[in-house]
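Undergrad: Residues in the sequence shown are numbered consecutively from 345, following my numbering.
Backbone N, C-alpha and C define an ideal beta-carbon position, used for all residues, glycine too.
Note that the structure is predicted; figures quoted are calculated from it, not measured.
Please see the structure below; I have some questions.
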Amino acid sequence: MIRINLLAQKKRAERSDGSQVWLAVVMVVVLSEVAALFVLHGFKAEELTQQQRKNAELTSQIEQAKKNVANHEQVKADLALLRLREDAIQKLQSARSGPTAILMELARILTPGRGPSVDPDRLAQLRRDNPLSVFNPNWDSRRLWITGYTEAQRKLRLDGKARDGEDVSELARRLNLSSYFYDVKLLPATRENDFVKFSIETKVRY
């Protein structure tokens, strides 16, 4: 009687089936990893594209900024030159109109019935505090006349004659009140016949 060992064949068949299943599992895992890698690569590629786009935009902005500031020093130099010209023009205008304004103010001070250019509120406050510090509106300015007028570096010297010392004091008082004069100094006066010879030094604003 012939005996055939079917158990060994069955075991081999089971091993073969197991290997096929394992191989299938491995293939599925590998394919899954490959698919995941493809998806991840797609995401990374998109991120890289976005980052490159941002970098390109930043580079463009930097280049534009460089162009904008390329002539910055030239612009600064031009502005400085313009300021110097404006200052020069302002000084010329001031030198042209300033002395004229001072002469006009002095004419107002010496015109009968008129007085210095002074803020009304300030004048009212001075009148309340010390009535003697304000000018006399009834003063006859014809009692005084100017014989010398010298201005340099906004420093003015007035020479003149007056009927008496009170006339000189009235002129000094008016100069002190005027918005055009400050630091008024009355120099020692001398008597000359029937007149008082005086000199006043003051600084001018214009």
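Within 10 angstroms of the Cβ of Asp511, are there 16 or more other Cβ atoms? Answer buried if so, exposed if not.
TA: Burial call: buried.
Undergrad: Need the endpoints of the alpha helix (DSSP H) that Ser513 sits in, please.
TA: First-last of the alpha helix (DSSP H) with Ser513: Gly509 to Leu521.
Undergrad: Taking 8 Å as the threshold (C-beta atoms), are Leu515 and Leu476 in contact?
TA: Contact: no.
Undergrad: Let's see if you can read the secondary structure: which residues bound the alpha helix (DSSP H) around Ala468?
TA: Taken as a continuous stretch (DSSP letters only), the alpha helix (DSSP H) holding Ala468 covers Pro464 to Asp473.
Undergrad: DSSP has Ile544 in a bridge; who is on the other side?
TA: Partner(s): Leu502 and Leu530.
Undergrad: Leaving aside the five residues before and after Ser485 along the sequence, list all residues of the same chain whose C-beta is less than 7 Å from its C-beta, in chain order.
TA: Same-chain partners within the cutoff: Leu454, Thr455 and Pro456.
Undergrad: Could you check the C-alpha separation between Leu392 and Lys410 for me, to the nearest Å?
TA: Approximately 26 Å between the Cα atoms of the pair.
Undergrad: Mapping the DSSP letters down to three states, classify Leu454 as helix, strand or coil.
TA: Coil.
Undergrad: To which residues does DSSP link Tyr493 through a beta bridge?
TA: In DSSP, Tyr493 forms a bridge with Leu502.
Undergrad: What does a CB cutoff of less than 8 Å around Gln364 pick up in its chain, not counting 5 residues either side in sequence?
TA: Answer for Gln364: no residue qualifies.
Undergrad: Assuming Val540 and Lys505 make a contact with CB atoms under 8 Å, what is their CB distance in whole Å?
TA: Sure, about 7 Å apart at Cβ, within 8 Å.
Undergrad: Cα separation between Thr534 and Phe542?
TA: Going by the C-alpha atoms only, they are around 7 Å apart.
Undergrad: Can you give me the C-alpha to C-alpha distance between Leu502 and Ser513, rounded to a whole angstrom?
TA: If I take the Cα positions, the gap works out to 13 Å.
Undergrad: Decide if Leu500 is buried, meaning its Cβ has at least 16 other Cβ atoms within 10 Å, or exposed.
TA: Leu500 is buried by the Cβ-count criterion.
Undergrad: Could you check whether Arg517 and Phe479 sit closer than 8 Å to each other, using their CB atoms as the reference points?
TA: The answer is yes: Cβ separation under 8 Å.
Undergrad: What is the rounded straight-line gap between the Cα of Leu350 and the Cα of Ala368?
TA: For Leu350, the predicted structure reports a pLDDT of 48, less than 50, and the residue's modelled location is therefore unreliable. The matter cannot be settled from this model.
Undergrad: Can you tell me whether Thr546 is buried or exposed? The criterion is at least 16 other CB atoms within 10 Å of its CB, across all chains shown.
TA: By the neighbour-count rule (16 or more Cβ atoms within 10 Å), Thr546 is buried.
Undergrad: Please name the residue or residues paired with Glu536 in a DSSP beta bridge.
TA: Paired residues: Phe539.
Undergrad: With a threshold of 16 other CB atoms inside 10 Å of the CB of Pro532, please say whether the residue is buried or exposed.
TA: Exposed, by the Cβ-count rule.
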